[in-house]
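All remarks here apply to the structure that follows.
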C-alpha cells in the first residue's frame with residue numbers, strides 16, 4: 005500500500021515541489037471562490053493516495069490484531085521515509101540545492117506523515 009501510494013502520487017502528475025502543486029484542483033466544482041472548500045479539495049488532491057492507503061489498511065483486514073499490525077507497518081513506513089529524508093537533509097545542509105530540491109521533499113514528507121497520523125488516529129477513534 006505504501007509503495008502504491010507513492011506511485012499514485014507521481015502518476016497523477018504531482019512532484020515534491022511547490023511549483024508543481026495542482027492549484028487548479030481547488031477551483032473545480034465551485035462557481036465562486038470558497039477558501040475553506042478549496043483548501044479541503046487541494047488537500048484531498050495532494051494527499052489522496054496516503055489517505056486511501058490508511059483507509060484500506062484499516063478497513064480491509066478482519067480482526068483487531070491484523071488491523072493493528074497493518075496500521076503500525078503503514079505508519080512505520082511513512083515515519084521511516086520522513087526520518088531518512090530529515091537525516092539526508094541534515095547531511096546535505098551545505099549543498100547548493102538544499103533549498104531547491106531537498107527542503108521541499110522534507111516538507112512534503114513531514115506533511116504526508118502528519119496527514120497519515122491524523123487519518124489513522126481519526127480511523128482508530130471512529131471505529132473503536
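In this note's numbering, the protein residues as written are 5 to 132.
We treat Cβ as the ideally placed atom computed from N, Cα and C, and that holds for glycine.
Please go through the region 5 to 81 and give each complete alpha helix (DSSP H) segment of 4 or more residues, from N-terminal end onward. For the region 5 to 81, whole alpha helix (DSSP H) runs of length 4 or above, ordered along the chain, are 6 to 15, 39 to 50, 52 to 63.
Cβ contact (3+ pairs, closer than 8 Å) linking the region 111 to 120 and the region 49 to 61: Counting Cβ pairs under 8 Å, three or more are found: they touch.
Output needed for residue 42: all residues of its chain with C-beta closer than 8 Å, excluding positions within five of it in sequence on either side, in chain order. Here residue 42 refers to the residue found at position 38 when the chain shown is read from its first residue. These residues qualify, in order along the chain: 30, 31, 34.
How many Å lie between residue 109 and residue 11 at the Cα? Working through the chain shown from its first residue, we reach residue 109 at position 105. Working through the chain shown from its first residue, we reach residue 11 at position 7. As the crow flies, the alpha-carbon of residue 109 is around 15 Å from that of residue 11.
First through last residue of the alpha helix (DSSP H) which encompasses residue 96: Mapped onto the chain shown, residue 96 falls at position 92. Counting along the chain, residue 96 falls outside any alpha helix (DSSP H), and DSSP gives it neither H nor E.
Close-in-space but distant-in-sequence residues of the same chain around residue 61 (CB under 7 Å, 5 per side omitted): As a first step, residue 61 is located in the chain shown; it is residue number 57 there, counting from the start. For residue 61, where only same-chain residues beyond five positions count, the Cβ hits under 7 Å are 5, 74, 75, 78.
Buried versus exposed call for residue 82 [16 or more other C-beta atoms within 10 Å across all chains shown]: Translated into the one-based positions of the chain shown, residue 82 becomes position 78. Residue 82 sits buried, since 16 or more C-beta atoms from the chains shown fall within 10 Å of its C-beta.
Enumerate in chain order the residues of its own chain whose CB-to-CB distance from residue 129 is below 6 Å, with the five nearest sequence positions on each side excluded. Within the chain shown, numbered from 1, the residue matching residue 129 stands at position 125. Same-chain partners within the cutoff: there are none.
Cutting at 8 Å between CB atoms, please list the residues of its own chain near residue 96, excluding the five before and the five after it. Locating residue 96 in the chain shown gives position 92, counting from the first residue. Same-chain partners within the cutoff: 102, 106.
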